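Protein chains in written order, with my numbering: chain W, 1 to 614; chain Y, 615 to 1208.
A virtual CB, placed ideally from N, CA and C, is assigned to each residue, including glycine.
Just so it is clear, the structure is predicted and the values come from calculations on it, not from any experiment.
One structure is given below, encoded as structure tokens.
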Amino acid sequence: MTTQVPDVGAYDREWRGVSAEDAEQISTAGGVFLRERSRRLLADLARPHKRSLWLVAAAVVLQNAAGMAGPYLVSVGIDRGIPEMAAGEGPRTLLLVFAVFMACAIAQGGLRWMFFLISGRIGQAMLFQLRRRVFTHLQGLSLSFHEKYTSGRVISRLTSDVETIGELLDESLDELVMAVLSIVSIGVILLVLDAPLALVVLLSFPLLILLFRWFRKHSALSYRRTRETIALLIVQFAESLGGIRAVQAFRREPRNQEIFESVNGDYKLANRRAWKLIAWFEPGIILLGNLTIGAVLLYGGFRVLDGELEVGVLVAFLLYLRRFFAPMEDLSVLYNAFQAATAALEKLSGVLEEVPSVPPPAQPRPLPRPSGAVGFDDVRFGYRSDSPVLPRLSLSIPAGQTVALVGATGAGKSTLARLLARFYDPVEGSVNVDGIDLRDLADDDLRRAVVMVTQESFLFSGTVAANIALGRPSASRAEIEDAARAIGADEFIRALPEGYDTDVRRRGGRLSAGQRQLVAFARAFLADPAVLVLDEATSSLDVPSERLVQRALRTILTDRTAVIIAHRLSTVEIADRVLVMSDGRIVEDGSPTDLIGDAGAFADLHQAWRDSLI
Amino acid sequence: MSEDRSTSNKGSLHSLWRMRSYLRPYIGQMTVMGIAALVTVGAELAIPLVSQRVIDGPLADGDSSGLWWLGGLALLLGVLEAVFGFVRRWVQSFCMLDMETAIRNDLYAHLQRLPVAYHDRAQTGQLVTRATSDITTIRRFLGFGLIFLVVNVTLFTVVTIYLLRLYWPLGLLVVLSAVPVAYFTLIFEREYIVASRRCQDLQGDVATVVEEAAVGIRIVKALGRRRTIGGRFLHESRQLRRASLVKVRILAKFWAILDLVPQVLLALVLLIGALAVAAGDLTLGSLVAFVSLVVLLAWPIEALGWILAIGQESATAADRLYEVFDTESMIADRPGAHDLGAVRGLLRFEGVGFRFPGADRDVLHGIDLTVEPGETVAIVGATGSGKTALTALVPRLYDVSSGRITLDGTDIRDVTLTSLRRAVATAFEDPTLFSASARENLTLGRLDATDAEIAEAISVAQADFVYDLPWGLATRIGEQGLSLSGGQRQRLALARAVLGRPSVLVLDDPLSALDIHTEGLVEEALRRVLAATTALVVAHRPSTVLLADRVALLEGGTITAVGTHHELLDRVPAYRQILSAESDSDEVLAGGRR
């Protein structure tokens, strides 16, 4: 990535991605880096709307010009229209003024309408784009990221943070255009009108700048804290309600309430800190404006008394000054919204900067018709760098073979499965299908080749059919039902109130764990991969269901490669080959009958399992 | 909740009105804020008037002491405006944030009370947006919009009365300008309330998709369905954008009209006023004063648009909150519920029937079963026979639809929930873990558990692996415990259930994810615990069944046979069918006769 400020480079690594999220204090240069990054994101989002933005600015300027005509028309009406009437010349001028006034009013209203429409459209388009980018990027990030980041944070980024940016875009940006425009133009007019008085006004400038800078510095910190605390609040909220069964069964409610009230309190304090800053900042701007006006009134007044200044000039000066400071107040409100949005943008741009640890290939190699030969070449892997789970593993599975992985908890079976499904990449060595490194496969090709059914059979809320169809979204209803029938789920699904159209509710709560596993199975079957990885996929099934699945597997697996992890060794009976793992190594490798005959670890396991059946 | 999306103006305003109870503690502060806002607006309006006076008075007369006096007044008013602006914001930062926090705490407390049946249907994303953006919207209106609504209406009324006294025909014109404002406001309200509600609902839907996609990320990855889920998200986001644009269009129209009204009014005042001056009914000075006061009215009218918009939004937000608050918990302490006290552990199901709320058929019916104190009964049944529902009835996660469950002879609905759930501990088939320390995950609600009790529970569940985690029991378990293996999670959930020796244990297939070796060890330890504990154990395997003294066979939602494992194996073909793997049936039978 590129950095725009040279001395910020060192902070590049320190604050890269989401690593600044938990930081309480951020160094000045780190803060500059984060602000730069946020501003780039905002500019990025605005870029496609450049032309519309100019249009909006033009509408604002025109609308204000129409508004400015009002006072002038009033003066014309009073100075010329009334004397004409009094002189008996009829209401011609007056009617003309009225007509022009009405025209201006309508133009003003029309322009304002146009302004709201266009700026609203731009704002919504930017928000949409932002949501889309962040969501897509998050979905592309690896599991190791998600395990640390938690879903609550993801929700908070995509709801609360995005809404904060929405609030900035809702703040009429016309104020910005007008403020800049009127401050510059009126500043010039003031200087032209009377230089000494203008100098009095200029004296207030350093103070204004100081106030803005003070606010920027402190509000950046407190808004960062606000974003952080709302994320924690959402994490606690979503997670505890997601696990409400356990919460209620174990009377966790009081403790949860305590935790929630504490994070809610933190959020309140963070907000209060920001609000207190605003309480000083906004009236501070008003005070500076009012004091300046008072000073001009007094100083100008005495100069008028001394005959150094025309009364008319002072009157004009005071009128313009009013118009000078009013946008300054609007600007302070807008600046506040901008500060809040910047903190949110910091978080979002951080997410966007995260690089997946399982990156998509730069130049994918095509694998249109995978046959399913699997190879592990000298694979080394560990979740933490200090403890390798697989020290050095080599394995070759020919296409079509059904392999059962057995071994005690912690032997590395699931890790092997996850590497094969490319949930993680090996630290050293490679995992390949048909001789192609998984790292060189595009996502679509990879999933056509390898699909994994995990222990946790997560279902999305929606119908049973929709959940099965996740295996292959293009599948027809008949294919979905065929898949369910093949693994023996058809019967229970038909018994549901609305059959395949039954809503499984949140997390599939309508179904039992066993039923969820059957649906997950049907899903994988429908996906029709060359390599099927089953990680404890039958643990919650009762014996008859497992028997059905077992029977189905015999036919399903005839023409595909399968790696099956199961504690119930009944699965082993359909395997061509058994691998016994221990401490990340393969300690036995052979056909089930051979291994049962040997006096090895598998023979012991098998015996223990047979005993357990009684 | 999300199904019911009909919105009526009256209903929403009523919901907003109900929010007043949250304002009550802050009436004093609200009054201070209102007065401060009035002073601020007053000072802001007075400063130009003072400047005017300076020019007409001291400057015209050459009166320098008068200049000092009025200039000082202008400065004083300037300071006043700032100081009261500060006071309003400062007070607001206390009471309004306190109020917001209180509403959120109440919402969370209420949601925790609502039964599992509610949460099965509720979408987390919808609840999250209620707890965040909806509450914020309400706070914004009550703490800011409402105050300026009062201030603006006051300002409008005061100025209008003054204008009526100045020259009543023109004053009447100003009063009449309220007619189009009111007319367009009514139209606006009707359109906007629907749009506002729709946006809030869609924000919840977007959050729901996000939540599911984040929690289900493994499945999305395992199946390579990024694009499908992304498509869902884009669909919802697009809907939200479309709905927001509807809102924008309504607002743009309304705001433009509110801009137009004061301008047209000004033009009319000028025309009619000038005619009146020409006719000698009005002095020129009065007309000038009139015009400048009408200019002052422009702001309150324009601001009305903004205030009404957030007013509507907070009304629909209040609606959404009360949809939650008004959902009564069907599972709560009955009046007169008493503490369970010491429990012997006689658990009895008497004609128990159960159906899920809103379902049209029973999951369970006519269940009669007695579990003697200290006895362990296994529940065996095919997938979908209602085993899990049965276990959820004991700690009252759901309530029976008919019949009753008694513990030591007392209907469990007649004792307090807390005491019932203290006596009954459950290990679910899905081991629910939270992103908290291993210790917190073990103790959950039992904060008083001693280290010895925790150690004992860990050893019963063979969950010693927790000691090997980087920080031992203090190690934070990742969300849903996904960094642990299925077997590890299940053992933690089991340890949680046996912690502190509950009087009644409900174990739903507690050993399914364990390997044979660990399973054997857990069984052995568990047997010691079960010897003295009343227990219901859902079992899928013979090995688990052997933990029990007796077995109840559940078929089609009712118990068809009760007896020992061996009796049932001998007597009941259906039982044999469910419990024995086909190829091993002979051996199982042989074991039965051993």
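Checklist entry - Helix, strand or coil for W/Glu-423 per DSSP? => result In the first sequence, counting from the first residue as 1, residue 423 of chain W sits at position 423. The displayed chain sequence assigns Phe, not Glu, to residue 423 of chain W. In the structure shown, W/Phe-423 sits in coil (DSSP, three-state: anything other than H, G, I, E or B).
Next on the checklist: Against chain W, does Y/Pro-1009 count as a neighbour if the rule is that its beta carbon must be under 9 Å from one of theirs?
Outcome noted: Stepping through the second sequence from its first residue, residue 1009 of chain Y is reached at position 395. Taking Cβ atoms only, chain W reaches closer than 9 Å to Y/Pro-1009, which makes this a yes.
Item to check | Neighbour list for W/Glu-261 in chain Y, Cβ cutoff strictly below 7 Å | outcome: Position 261 of the first sequence, counted from the first residue, corresponds to residue 261 of chain W. In chain order: Asn-719.
Next on the checklist: Which residue marks the beginning of the beta strand (DSSP E) containing Y/Ile-979, and which one marks its end?
Outcome noted: Working through the second sequence from its first residue, we reach residue 979 of chain Y at position 365. The identity of residue 979 of chain Y in the sequence shown is His, whereas the question assumes Ile. Residues 978-985.
Item to check | Under 8 Å (Cβ pairs) to chain W, residues found in the stretch 1144-1158 of chain Y | outcome: His-1154, Arg-1155, Pro-1156, Ser-1157
Item to check | Proximity of Y/Ala-1153 and Y/Asp-1123 at Cβ, strictly below 9 Å | outcome: As a first step, residue 1153 of chain Y is located in the second sequence; it is residue number 539 there, counting from the start. As a first step, residue 1123 of chain Y is located in the second sequence; it is residue number 509 there, counting from the start. The answer is yes: Cβ separation under 9 Å.
Item to check | Interface partners of Y/Ser-747 on chain W, CB under 9 Å | outcome: Taking the second sequence and counting its residues from 1, the one referred to as residue 747 of chain Y is at position 133. The answer, in chain order, is Thr-159, Ser-160, Glu-163.
Checklist entry - Which first and last residues belong to the alpha helix (DSSP H) in which Y/Val-668 is found? => result On the second sequence, residue 668 of chain Y is found 54 positions in, with the first residue counted as 1. It spans 641-670 - the alpha helix (DSSP H) in which Y/Val-668 sits, taken as one unbroken run.
Item to check | Between the CA atoms of W/Ala-344 and W/Ala-270 - distance to the nearest angstrom | outcome: Position 270 of the first sequence, counting from 1, holds the residue named residue 270 of chain W. Position 344 of the first sequence, counting from 1, holds the residue named residue 344 of chain W. Each residue's Cα considered, the two are about 14 Å apart.
Item to check | Pick from Y/Asp-933, Y/Asp-1065, Y/Arg-1060, Y/Gln-740 that is closest to Y/Ala-821, judged by C-alpha positions | outcome: By one-based count along the second sequence, residue 821 of chain Y stands at place 207. The shortest C-alpha separation from Y/Ala-821 is found at Y/Gln-740.
Checklist entry - Of all Cβ atoms in chain Y, is any one closer than 9 Å to the Cβ of W/Tyr-619? => result Residue numbering for chain W in the displayed model covers 1 to 614; residue 619 of chain W lies beyond these limits and cannot be assessed.
Checklist entry - Is W/Asp-425 close to chain Y, meaning its C-beta is less than 9 Å from at least one C-beta of that chain? => result Indexing the first sequence from 1 puts residue 425 of chain W at position 425. It does not; no Cβ of chain Y falls within 9 Å.
Item to check | Within 9 Å, strictly: CB atoms of W/Gln-455 and Y/Ser-707 | outcome: For this step, residue 455 of chain W is matched to residue 455 along the first sequence. For this step, residue 707 of chain Y is matched to residue 93 along the second sequence. No, they are not a contact pair.
Item to check | Residues of its chain near W/Leu-393, where Cβ-Cβ distance is below 6 Å and the 5 sequence neighbours each way are ignored | outcome: As a working mapping, residue 393 of chain W is identified with position 393 in the first sequence. Around W/Leu-393: Phe-376, Val-379.
Item to check | Straight-line gap, Y/Arg-619 to W/Ala-246 (C-alpha atoms, nearest Å) | outcome: Looking up residue 619 of chain Y in the second sequence gives position 5. Looking up residue 246 of chain W in the first sequence gives position 246. Low local confidence applies: a pLDDT of 46 at Y/Arg-619 is under 50, so the model's placement there is unreliable, and no value is given.
Checklist entry - What does a CB cutoff of less than 6 Å around Y/Leu-694 pick up in its chain, not counting 5 residues either side in sequence? => result By one-based count along the second sequence, residue 694 of chain Y stands at place 80. The residues are Ala-657.
Checklist entry - Is the distance from the Cβ of Y/Leu-901 to the Cβ of Y/Leu-872 below 9 Å? => result The sequence position of residue 901 of chain Y within the second sequence is 287, counting from 1. The sequence position of residue 872 of chain Y within the second sequence is 258, counting from 1. Cβ atoms of Y/Leu-901 and Y/Leu-872: not closer than 9 Å.
Item to check | Boundaries of the alpha helix (DSSP H) in which W/Ala-66 is found, first to last residue | outcome: The sequence position of residue 66 of chain W within the first sequence is 66, counting from 1. Here the alpha helix (DSSP H) through W/Ala-66 covers 50-76.
Next on the checklist: In whole angstroms, give me the CA-to-CA distance for W/Asp-528 and W/Ser-357.
Outcome noted: Counted from its first residue, the first sequence places residue 528 of chain W at position 528. Counted from its first residue, the first sequence places residue 357 of chain W at position 357. If you take the alpha carbons of W/Asp-528 and W/Ser-357, they lie about 27 Å apart.
Next on the checklist: Against chain W, with Cβ distances strictly below 9 Å, would Y/Thr-743 count as a contact?
Outcome noted: Numbered from its first residue, the second sequence carries residue 743 of chain Y at position 129. Cβ-Cβ to chain W under 9 Å: yes for Y/Thr-743.
Checklist entry - For Y/Val-1112, which residues from the same chain have a beta carbon less than 6 Å from its beta carbon, with the 5 sequence-adjacent residues on both sides left out? => result Within the second sequence, residue 1112 of chain Y is the residue found at index 498, counting from 1. Closer than 6 Å at the Cβ level, and outside the excluded window around Y/Val-1112, lie Ala-1071, Val-1074, Val-1143.
Checklist entry - Using a Cβ-Cβ distance under 9 Å, would W/Asp-528 count as near chain Y? => result Position 528 of the first sequence, counted from the first residue, corresponds to residue 528 of chain W. Not closer than 9 Å to any Cβ of chain Y, the Cβ of W/Asp-528 fails to qualify, so no.
Next on the checklist: Quick check on W/Tyr-320 - is its C-beta less than 9 Å from some C-beta in chain Y?
Outcome noted: If you number the first sequence from 1, residue 320 of chain W lands on position 320. So no, W/Tyr-320 is outside the interface.
Item to check | Near-chain W residues of the stretch 1084-1103 of chain Y - C-beta to any C-beta below 9 Å | outcome: Pro-1084, Gly-1092, Glu-1093, Gln-1094, Leu-1096, Ser-1097, Ser-1099, Gly-1100, Gly-1101, Gln-1102, Arg-1103
Checklist entry - Shorter than 9 Å from the beta carbon of W/Val-192 to some beta carbon of chain Y? => result The sequence position of residue 192 of chain W within the first sequence is 192, counting from 1. By this cut-off, W/Val-192 is not an interface position.
Checklist entry - Residues of chain W with a CB under 7 Å from the CB of Y/Thr-842: which are they? => result If you number the second sequence from 1, residue 842 of chain Y lands on position 228. In chain order: Leu-470, Pro-473.
Checklist entry - When the Cβ atoms of the stretch 139-156 of chain W are set against those of the stretch 300-315 of chain W, are three or more pairs found closer than 8 Å? => result no
Checklist entry - Buried or exposed: Y/His-733, going by 16 or more other Cβ atoms within 10 Å of its Cβ? => result By 1-based counting over the second sequence, the position of residue 733 of chain Y is 119. So Y/His-733 ends up on the buried side.
Checklist entry - Hey, is W/Gly-509's beta-carbon within less than 9 Å of any beta-carbon in chain Y? => result Stepping through the first sequence from its first residue, residue 509 of chain W is reached at position 509. Closer than 9 Å: yes.
Next on the checklist: Give me the chain Y residues within the contact set of W/Thr-150, using Cβ-Cβ distance strictly less than 9 Å, ordered along the chain.
Outcome noted: Here residue 150 of chain W corresponds to residue number 150 of the first sequence, with the count starting at 1. Near W/Thr-150 (Cβ distances below 9 Å), the residues of chain Y are Ala-828, Ser-1049, Gly-1092, Glu-1093.
Checklist entry - Roughly how many whole angstroms lie between the Cα atoms of W/Leu-470 and Y/Leu-961? => result Numbered from its first residue, the first sequence carries residue 470 of chain W at position 470. Numbered from its first residue, the second sequence carries residue 961 of chain Y at position 347. Taking the straight line joining both Cα atoms gives about 43 Å.
Checklist entry - Can you tell which of W/Leu-138, W/Val-406, W/Asp-386, W/Glu-282 has its C-alpha closest to the C-alpha of Y/Gly-699? => result The count along the second sequence starts at 1 and reaches residue 699 of chain Y at position 85. For the residues W/Leu-138, W/Val-406, W/Asp-386, W/Glu-282, the minimum Cα distance to Y/Gly-699 belongs to W/Glu-282.
Checklist entry - If you follow the beta strand (DSSP E) that W/Arg-577 is part of, which residue opens it and which one closes it? => result Taking the first residue of the first sequence as position 1, residue 577 of chain W is located at position 577. 577-582 is the span of the beta strand (DSSP E), which, as asked, contains W/Arg-577.
Next on the checklist: Taking 9 Å as the threshold (C-beta atoms), are W/Val-311 and Y/Ala-903 in contact?
Outcome noted: In the second sequence, the residue the question calls residue 903 of chain Y occupies position 289. In the first sequence, the residue the question calls residue 311 of chain W occupies position 311. Cβ atoms of Y/Ala-903 and W/Val-311: not closer than 9 Å.
Next on the checklist: Tell me which residues of the stretch 271-283 of chain W have at least one Cβ-Cβ distance to chain Y shorter than 8 Å, keeping chain order.
Outcome noted: Asn-271, Arg-272, Trp-275, Lys-276, Ile-278, Ala-279, Trp-280, Glu-282, Pro-283
Next on the checklist: Strictly under 9 Å for the Cβ-Cβ distance: is Y/Gly-625 near chain W by that measure?
Outcome noted: For this step, residue 625 of chain Y is matched to residue 11 along the second sequence. No - not a single Cβ of chain W is within 9 Å of the one on Y/Gly-625.
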